[in-house]
Structure formats: C-alpha cells, structure tokens
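Participant:
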Amino acid sequence: MENKKLASQLMKKSKTARYERFGKMISLLALLLIMVIVAGIIVFVASKGLSTFISDHISLKDFFGGTLWNPGTETPAGKPAVGALPMIVGSFLVTLLAALVATPFAIGTAVYMTEISPKKGARFLQPVIELLVGIPSVVYGFIGLSVVVPFVRNVFGGSGFGILSGTFVLFVMILPTIVSMTVDSLKSVPKYYRQASLALGATAWQTIWKVVLRAATPGILTAIVFGMARAFGEALAVQMVIGNAALMPQNLVSPASTLTSVLTSGMGNTVMGSLQNDALWSLALVLLFMSLFFNLLVHFIGRKGAFKK
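Residues in the sequence shown are numbered consecutively from 1, following the UniProt record's numbering.
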C-alpha cells in the first residue's frame, strides 16, 4: 500500500512541471496565432490583388510593362490604363539611391563608435541615432518639403519634387537602422581577431579594413537590406516630396511616384470591387512580395555568413 502511494507521488507532476507545460502551451498558441495572422494577411491581399488579372482580365504584360497609370480610362490602344511600371521604377530608384548614399555614412559612423572612439561615440552619437529613430515620418516629410525640396530646386533645377528629394529624405530615415545594426555586427566580431591582426604587425586601420569589416560583412549586408526594406515601404514622407506624378522618371529632379505614394493617395478614393480599387490592391500585392523578398534575402545572407564562419 505504501509502495503504491509512494509510486503515485513520484509519478505525479510537480507544480513547476505544470507551470512549464502551461507556459509551453501559451507560447505555442501565440506562435499559431501569429502564423494565422500572417497567412490571413497574405491570402487577403493576394485575393484582392489577383482580381485585377482574374476578374478584370488585365494581362501581366500590360500591368507590369505599361507606362500609363490612370485606372478608369483607356490607353490609345484601347486598353485600361493600369501600367504600374512608373511606380515600380520610382520605388526601386528611391530605395537603391537612398541605400547607396546612406551605407558609407552608416559604416563610417559605426566604425567610429566601435573601433576608433567607443566612449565618445556612445556618449554623443548614440542619443542622436535614437532621436532619429523616434522622429515620426510626417516630421521628416515636413522637413523635406520645407528644406530639401527648395534646396534641390535651387541647386539642381526643376520643381524640387522628384527622386532626388525622396532620396535625401529616405537617406536620413534609414541611416539609424543601418548604423544600429552595423554597430551590433562590428561588436560581434571576436576580440582575438583584432589582437591577432595587431600581433602580426598590421596597423589599426588595416585591422579595421582587412579583418573587422570583412568578418562583419554578413551583418552589414543584413543592415543594408533592412534599411532598403524600410525605404521601400515608406509612404508618407516620400509622398510629400516626390511629386506624386505617375510618370516614368525622366531624371532625378522630375516629379515621380512610388508604389506607396500612389496607394496612400488613391485607396480612399475608389469603390471596392472596381478596377481602380483592384489595381491598387495589385500594387499592395507587389509591395507584399517585395517585403517577403527582403526577408528571404536577409535569411540567405545570414545562412551564408554562418556557413563561412
């Protein structure tokens, strides 16, 4: 009798084990909820975005290769004017140029904060970076409208609205993201890499250039991709300075538009189920696929970096 009682007590789960099982169930439910939400968003946007091609019978060639955007009207060829190429080109141009301009400044700032003067960098630059992160997009847009657009107009000509103004605004917006992630990547490089390089007779700059930056390359590339992802999805600030003209960019100072600027300005002015509304959902689907592409690219870079190590 006593043996059975002792065995039942030993087999009974403790209070700690029950709490642990409860915590695992909560974590699993939270994970499932997130997966359901993400899958629901993808299915919803895809069902709306594909209506342009399924219900309205717009060909992929006309949508992605057309240069006239005015849903509800027709092109000279008699087809609906739903050519999204100008917005796609504008989005990629602004994103790539902002990343090209921001990357050297971000890497230089991160190197100064981690390798050259860590104490001063943490004391002065870290609060500045945190401040830039906390500024709302509309504030960047107003500053761009008041400062950047007149500067571009006076220096480079044109109306001031265009790809170049959007690049300057996005450059400041994505700079903190790239700097923060680059700092983390440089800090993750083991100290013995630096010590071994210096012991072999390399100078401090040679160690930074040949050893530290090389070892942190996967993390730096990830930072750049994250910055590009934010730039590609930015809407309000870009909309205020790019001109919102659904035309193929002729140069960097001519008014243009991006996927996000057209979406934010047009979504509230269309009727659900109409061609105009379906075309905007198709633009949203393109944005969603680009977001997924950036995430996959980050994972690919991370795997390649881990493999090299």
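Note that beta-carbon positions come from the ideal geometry of N, C-alpha and C, so glycine has one too.
Quick one: is F171 near chain C, going by C-beta distance under 8 Å?
Facilitator: Going by chain labels, chain C is absent from the structure shown, which holds only one protein chain.
Participant: Would you please state the rounded distance, in angstroms, between the beta carbons of V94 and G201? I believe it to be under 8 Å.
Facilitator: About 45 Å separates the two Cβ atoms, so there is no contact after all.
Participant: So the alpha helix (DSSP H) W205 belongs to, where does it begin and stop?
Facilitator: A204 to T207
Participant: For Y140, collect the residues of the same chain with a Cβ closer than 7 Å to its Cβ; drop the 5 residues on either side in sequence, then sort them by chain order.
Facilitator: V169, V172, M173 and A237
Participant: On the CB-based measure, 16 or more other CB atoms within 10 Å of its CB, does P131 come out buried or exposed?
Facilitator: Residue identity differs from the one stated: residue 131 is Leu in this sequence, not Pro. The residue is exposed, with fewer than 16 neighbouring Cβ atoms inside 10 Å.
Participant: For the beta strand (DSSP E) that contains T73, what are its first and last residues?
Facilitator: Looking at the DSSP string, the run of the beta strand (DSSP E) that includes T73 is W69 to E74.
Participant: Along the chain, where does the alpha helix (DSSP H) that runs through V225 open and close?
Facilitator: T217 to G233
Participant: Does the structure place the region 18-25 close enough to the region 248-266 that three or more beta carbon pairs sit under 8 Å?
Facilitator: no
Participant: If you reduce the DSSP assignment to three classes, tell me which class A256 lands in.
Facilitator: strand
Participant: Grouping DSSP H, G and I as helix and E and B as strand, with all else coil, what is V169?
Facilitator: helix
Participant: Should M35 be labelled buried (16 or more other beta-carbon atoms within 10 Å of its own) or exposed?
Facilitator: exposed
Participant: Indicate the three-state DSSP secondary structure (helix, strand or coil) for G243 in the structure shown.
Facilitator: strand
Participant: Report yes or no: do three or more beta-carbon pairs, one from the region 216-235 and one from the region 179-190, lie closer than 8 Å?
Facilitator: yes
Participant: Would you kindly work out how many angstroms separate the C-alpha atoms of F44 and I129, rounded to a whole number?
Facilitator: 36 Å
Participant: With V253 and F156 assumed to form a contact (beta carbons below 8 Å), what rounded beta-carbon distance in angstroms separates them?
Facilitator: So it is a contact: roughly 5 Å between Cβ atoms.
Participant: Label E115 either buried or exposed according to how many other C-beta atoms from any shown protein chain fall within 10 Å of its C-beta, with 16 as the threshold for buried.
Facilitator: Result: buried.
Participant: Nearest-angstrom Cα distance between G193 and V111?
Facilitator: Note that residue 193 is Tyr in the sequence shown, not Gly. Approximately 15 Å, taken between the alpha carbons.
Participant: If you compare alpha carbons, which of A284, L296 and I301 is closest to I42?
Facilitator: A284
Participant: Run the CB neighbour count on E234, radius 10 Å, all protein chains shown included, and call it buried at 16 or more, exposed below.
Facilitator: buried
Participant: Taking Cβ to Cβ, would you say L85 is nearer than 8 Å to T73?
Facilitator: no
Participant: Can you name, in chain order, every residue of its own chain whose Cβ lies under 6 Å from the Cβ of K48, other than the five neighbours on each side?
Facilitator: W281
Participant: Alpha carbon to alpha carbon, what distance is there between G273 and Y19?
Facilitator: 50 Å
Participant: Return the CA-CA distance between S265 and A245, expressed in angstroms with no decimal places.
Facilitator: 11 Å
Participant: Any idea if G227 is buried or exposed, counting beta-carbon neighbours within 10 angstroms, 16 or more meaning buried?
Facilitator: buried
Participant: When the Cα of M248 is compared with those of Q126, W69, A216 and V212, which residue comes out closest?
Facilitator: Comparing Cα positions, the closest option is W69.
Participant: Any idea if V225 is buried or exposed, counting beta-carbon neighbours within 10 angstroms, 16 or more meaning buried?
Facilitator: Buried, since its Cβ has 16 or more Cβ neighbours within 10 Å.
Participant: Our contact map puts F215 next to V189 with C-beta atoms below 8 Å; I'd like the distance itself, whole angstroms only.
Facilitator: Note that residue 215 is Ala in the sequence shown here, rather than Phe. Contact holds; Cβ gap of about 5 Å.
Participant: Determine the contact status of V82 and F64, defining contact as a CB-CB distance below 8 Å.
Facilitator: no
Participant: For S51, count the other beta carbons within 10 Å of its own beta carbon; 16 or more makes it buried, fewer makes it exposed. Which is it?
Facilitator: buried
Participant: What residues in its chain sit with their C-beta under 7 Å from that of F161, if we drop five residues either side in the sequence?
Facilitator: V149, V241, I242, G243 and P255
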